[in-house]
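Which chain is which? The protein sequence lines are A and B, in order.
For the first sequence, the positions run 51 to 161 when the working numbering is used.
For the second sequence, the positions run 558 to 669 when the working numbering is used.
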Amino acid sequence: DQQVKQNSPSLSVQEGRISILNCDYTNSMFDYFLWYKKYPAEGPTFLISISSIKDKNEDGRFTVFLNKSAKHLSLHIVPSQPGDSAVYFCAAPSGNTPLVFGKGTRLSVIA
Amino acid sequence: DGGITQSPKYLFRKEGQNVTLSCEQNLNHDAMYWYRQDPGQGLRLIYYSQIVNDFQKGDIAEGYSVSREKKESFPLTVTSAQKNPTAFYLCASSPQTNSPLHFGNGTRLTVT
Numbered sequence: 051d052q053q054v055k056q057n058s059p060s061l062s063v064q065e066g067r068i069s070i071l072n073c074d075y076t077n078s079m080f081d082y083f084l085w086y087k088k089y090p091a092e093g094p095t096f097l098i099s100i101s102s103i104k105d106k107n108e109d110g111r112f113t114v115f116l117n118k119s120a121k122h123l124s125l126h127i128v129p130s131q132p133g134d135s136a137v138y139f140c141a142a143p144s145g146n147t148p149l150v151f152g153k154g155t156r157l158s159v160i161a
Numbered sequence: 558d559g560g561i562t563q564s565p566k567y568l569f570r571k572e573g574q575n576v577t578l579s580c581e582q583n584l585n586h587d588a589m590y591w592y593r594q595d596p597g598q599g600l601r602l603i604y605y606s607q608i609v610n611d612f613q614k615g616d617i618a619e620g621y622s623v624s625r626e627k628k629e630s631f632p633l634t635v636t637s638a639q640k641n642p643t644a645f646y647l648c649a650s651s652p653q654t655n656s657p658l659h660f661g662n663g664t665r666l667t668v669t
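Written as structure tokens, this is what we have:
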């Protein structure tokens, strides 16, 4: 049973526009969420996180929004750049167990 | 320059052979992990270790084995019992189990 779901396998966005990547979760005990970015043949790198005590966290072009009542979070990238083209994973820790990852969304930013 | 080193980057083996993937970290992290990535499957946890000489099975441990004799090292053996071993394998570490993970650059294993 997937606890973290990314229902869009892929997303294409024009350069300069906003990219919105979505993530849903089922475990109401999750209180911390992370986004990772992964290029082909490389390991994922940590991008941004959010604690459940917040509903928004911003870092430069990247903003993560958390809607606890809907068990939904989203990553906004604005403006999108070609170098943002990668696979983005949403993840959450559950208690003392390792991170649970979604299946990822492949973002393509078209110049 | 701290980080996680996985070697080799590409590995080819014949079916029926065991193969060991190397993972070394110099971040002084207590916890280490092995994940497997398949197309459309995301990252699935194979094994993890929170401390030296101790490790736990993840979601897809069947056909794999690990050891944690040193803090810096967490090798993964893909045994002949693993039915679909061809995949991209990622090693990671973190200060504690639920901290953000630092990943290596992966090993692509192809078994024919």
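Ideal placement from N, C-alpha and C gives every residue a C-beta, glycine not left out.
Just so you know, these numbers come straight off a predicted model, no measurement behind them.
Comparing alpha-carbon positions, which option in the options lies nearest residue i?
{"i": "residue 94/A", "options": "100/A, 101/A, 86/A", "result": "86/A"}
{"i": "residue 141/A", "options": "64/A, 82/A, 161/A", "result": "82/A"}
{"i": "residue 632/B", "options": "617/B, 603/B, 641/B, 658/B", "result": "603/B"}
{"i": "residue 78/A", "options": "71/A, 98/A, 54/A", "result": "54/A"}
{"i": "residue 157/A", "options": "92/A, 84/A, 121/A, 138/A", "result": "138/A"}
{"i": "residue 92/A", "options": "594/B, 586/B, 601/B", "result": "594/B"}
{"i": "residue 611/B", "options": "599/B, 597/B, 630/B", "result": "630/B"}
{"i": "residue 641/B", "options": "654/B, 607/B, 586/B, 620/B", "result": "620/B"}
{"i": "residue 663/B", "options": "573/B, 580/B, 571/B", "result": "580/B"}
{"i": "residue 638/B", "options": "607/B, 591/B, 617/B", "result": "617/B"}
{"i": "residue 63/A", "options": "84/A, 98/A, 116/A, 126/A", "result": "126/A"}
Give the residues of chain B in contact with residue i, contact being defined as C-beta atoms less than 8 Å apart.
{"i": "residue 99/A", "result": "657"}
{"i": "residue 152/A", "result": "599"}
List the residues of chain B that residue i touches, going by C-beta distances under 7 Å, in chain order.
{"i": "residue 149/A", "result": "658"}
Note down, in chain order, every chain A residue with its Cβ under 9 Å from the Cβ of residue i.
{"i": "residue 666/B", "result": "What residue 666/B touches in chain A: nothing, since even the nearest Cβ is about 13 Å away."}
Give the interface partners of residue i over in chain B, defined as CB-CB distance under 9 Å, in chain order.
{"i": "residue 84/A", "result": "657, 658"}
{"i": "residue 139/A", "result": "599, 600"}
Where do the ends of the beta strand (DSSP E) carrying residue i lie?
{"i": "residue 163/A", "result": "There is no way to answer for residue 163/A, as the model of chain A reaches only from 51 to 161."}
{"i": "residue 116/A", "result": "112 to 117"}
{"i": "residue 108/A", "result": "106 to 109"}
{"i": "residue 599/B", "result": "599 to 608"}
{"i": "residue 658/B", "result": "No beta strand (DSSP E) contains residue 658/B, which DSSP labels as neither H nor E."}
{"i": "residue 631/B", "result": "That residue, residue 631/B, is in no beta strand (DSSP E); it is neither H nor E in DSSP."}
{"i": "residue 71/A", "result": "69 to 75"}
{"i": "residue 159/A", "result": "155 to 160"}
{"i": "residue 563/B", "result": "561 to 564"}
{"i": "residue 612/B", "result": "611 to 614"}
For residue i and chain B, any beta-carbon pair shorter than 7 Å?
{"i": "residue 92/A", "result": "yes"}
Against chain A, with Cβ distances strictly below 7 Å, would residue i count as a contact?
{"i": "residue 663/B", "result": "yes"}
Give me the chain A residues within the contact set of residue i, using Cβ-Cβ distance strictly less than 8 Å, ordered along the chain.
{"i": "residue 654/B", "result": "143, 146, 147, 148"}
Between the segment 571 to 604 of chain B and chain A, which residues of the former have CB atoms less than 9 Å from a CB of the latter, in chain order? 588, 590, 592, 594, 597, 598, 599, 600, 601, 602
Using a beta-carbon distance cut-off of less than 7 Å, what residues from the segment 640 to 651 of chain B approach chain A? 647
Residues within the segment 98 to 119 of chain A neighbouring chain B, beta-carbon criterion of under 9 Å: 99
Can you list, in chain order, the residues of the segment 60 to 84 of chain A whose Cβ is nearer than 7 Å to any Cβ on chain B? 84
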